[in-house]
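Have a look at the structure below, then the notes.
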Amino acid sequence: MRRYDDQMEFVKKRIADLEDELQDTRRDLVELMPRQLADLLMSYRSCESRQDYDHWTCEVLDRIASGAERDPSISHLEDRGWCPLCKGGSSGPYSRGFALPEGLMRHLTGRGNTAQCPVTRAAFRMARYALRDEFRAADEAKRRATEARRATERLFLVDPSSPPCLLDERLWFQKERSAEELVRAEERLRDLNFQVEINENVVAYKLQYEEFVVLADPRPVGRIDFCVFELAKNKRRSCVATFRMMDNWKNDLTEKFRRRLVDACNTLRTRGSRSGAVRKRGAGSDTFPK
Ligand SMILES: [Zn+2]
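Be aware that the sequence shown starts at 290, since it is given in this note's numbering, and climbs by one per residue.
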């Protein structure tokens, strides 16, 4: 046992030494840049969270791209120039330099299946490694705050394959509704015959249709999302079909909803029959359409 512990200790120390050496190499590479650019690329120390880091990288990229000089000798037709950091250009056979600013930005970020600039790659990895303790602490603080909110705030069951979520959780780039907007969305769901099930602080807007269940998600501004899945079937995300209704739809809402629901159910039946798991229709009672 003692020998195993010693070996593990040795491996951990070796990995830590290699990580430090790698970090030194990244710093050396960045410091080969002109002083002003090197200082810019190493100005990450005020970041205290991943969000700060994301803002910082955007600012750095904007400043590098805006400082790139056009080189008229490589194109008279469009603005093109070389990377101000690595002096590289496009690897394409018919073009030199990068189109400014979009082509250069793709090179600096590695976006769009492009090989990233070795200097920004080293600089951003250096920053993330140096900030790893801050990220960890910020992630932990965020996790605790979310746990505290989950114990006291209303949670929404919107997907059978995921735990209930907070009003503003997993909305990606969508904003959450205000309390008044949420009441209006609930009225719309009641008009579509949805039942509101409340279990402690978890609410679910639910509708049963033939052998399927529909869960509604009224949280995002401007629309209601629906998740359809088969009653009593396993709760994998691949077994659901989704559709949505926009708030600005005014006419024939029941019919619009019914058509989308029938399409979603047919999609699930087709998937079920492909996997040889066809279930007899009519296993549940219908509450829709009227
Ligand atoms: Zn470059």
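Glycine included, every Cβ here is placed at the ideal spot set by N, Cα and C.
What residue from the options has the CA that sits closest to residue i's CA?
i: E358; options: A468, T441, G378; result: G378
i: R385; options: S362, R291, A434; result: S362
i: C554; options: E310, E499, S450, R432; result: E499
i: A419; options: L350, E337, S450; result: E337
i: N488; options: G401, E436, E442, D343; result: E442
i: R439; options: E429, H396, L456; result: L456
Residue range of the alpha helix (DSSP H) that residue i falls in?
i: L326; result: 324–330
i: K301; result: 291–320
i: Q340; result: 339–355
i: D457; result: Looking at the DSSP string, D457 is not in any alpha helix (DSSP H), and its letter there is neither H nor E.
i: A505; result: Premise fails: A505 lies in the beta strand (DSSP E), 501–506, not in any alpha helix (DSSP H).
i: A404; result: That residue, A404, is in no alpha helix (DSSP H); it is neither H nor E in DSSP.
Which same chain residues, not among the five before or five after residue i, have their C-beta less than 7 Å away from its C-beta?
i: L460; result: R508, P509
i: Y293; result: none
i: M415; result: Q312, R315, R316, V319
i: R303; result: none
With residue i as the anchor, note down where its beta strand (DSSP E) starts and where it stops.
i: K495; result: 491–498
Does residue i pass the burial test, meaning 16 or more other C-beta atoms within 10 Å, or should it be called exposed?
i: L307; result: exposed
i: V300; result: exposed
i: M297; result: exposed
i: P449; result: buried
i: A437; result: exposed
i: V529; result: buried
i: D506; result: buried
So, at 6 Å on beta carbons, what are the nonlocal neighbours of residue i in its own chain, with the 5 sequence-adjacent residues on each side left out?
i: S574; result: Because S574 carries a pLDDT of 46, less than 50, the predicted location of this residue cannot be relied on, and no value is offered for it.
i: V503; result: L496, F515, V517
i: T556; result: A530
i: T559; result: none
i: L393; result: A354, A357, F387
Identify, in the order they occur along the chain, each residue of the same chain with its Cβ nearer than 8 Å to the Cβ of residue i, setting aside the five sequence neighbours on each side.
i: W538; result: K545
Measure how close the beta-carbons of residue i and residue j come, nearest whole angstrom, since I'm counting them as under 8 Å.
i: L321; j: I353; result: Incorrect: roughly 15 Å between the Cβ atoms, too far for contact.
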